[in-house]
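S.K.: Numbering (the working numbering), first residue to last: 331 to 477.
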């Protein structure tokens, strides 16, 4: 015997999807792998590593936009737009990483033959800086969630 209830036919969501927690791991992963490929390229001078580093940099740059947007929406919603030090650090780092990654992708796209010049080492330093920025973002994000 089945009893009809007002909830019959409706699906109740038990869990809320936290998009920022999902999306943020993509640019972190891509920037880490890009820095790894760049370091391998600097030591081995193999162009395949440089190309792989560039492609993962492009992927990280693309994923930075939804990750930053979801972080901003989470900050506005879940944290009610609180202006604590951690939020200010995270926002500044995120915008700096977005600007730097876009600049590096454009720079490498416009000057693809800069391999083995001094500019190439500056480009590599920028890619490694993105790794450091991703580590800082992860550190401050962990401080927010594990207090």
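Where a beta carbon is used, it is the ideal one built from N, C-alpha and C, also for glycine.
Quantities reported herein were computed from a predicted structural model and do not represent experimental measurements.
1) Nearest CA to the CA of residue 372: which residue from 451, 382, 433?
2) If you follow the alpha helix (DSSP H) that residue 415 is part of, which residue opens it and which one closes it?
3) Residue 474: which of 347, 351, 344, 367 sits nearest, CA to CA?
4) Give me, in chain order, the residues of the same chain whose beta-carbon lies closer than 6 Å to that of residue 466; leave out the 5 immediate sequence neighbours on both sides.
5) Assuming residue 382 and residue 367 make a contact with CB atoms under 8 Å, what is their CB distance in whole Å?
6) Taking the alpha carbon of residue 518 as the point to measure from, which residue in 449, 370, 362 has its own alpha carbon closest?
7) In its own chain, which residues sit with a C-beta less than 7 Å from the C-beta of residue 430, not counting the 5 before and 5 after it?
M.R.: In short, the structure shows the following:
1) Reading the chain shown from its first residue, position 42 is the one you call residue 372. When only C-alpha atoms are compared, the closest one is 451.
2) By 1-based counting over the chain shown, the position of residue 415 is 85. 415–440 is the extent of the alpha helix (DSSP H) around residue 415.
3) Locating residue 474 in the chain shown gives position 144, where the first residue counts as 1. Considering only 347, 351, 344, 367, the residue with the shortest C-alpha distance to residue 474 is 351.
4) Here residue 466 is taken as the residue at index 136 of the chain shown, counted from 1. Same-chain partners within the cutoff: 423.
5) In the chain shown, counting from the first residue as 1, residue 382 sits at position 52. In the chain shown, counting from the first residue as 1, residue 367 sits at position 37. So it is a contact: roughly 5 Å between Cβ atoms.
6) Look at the range of the chain in this structure, 331 to 477, and you will see that residue 518 is not part of it.
7) By 1-based counting over the chain shown, the position of residue 430 is 100. Taken in chain order, the residues that qualify are 456, 459, 460.
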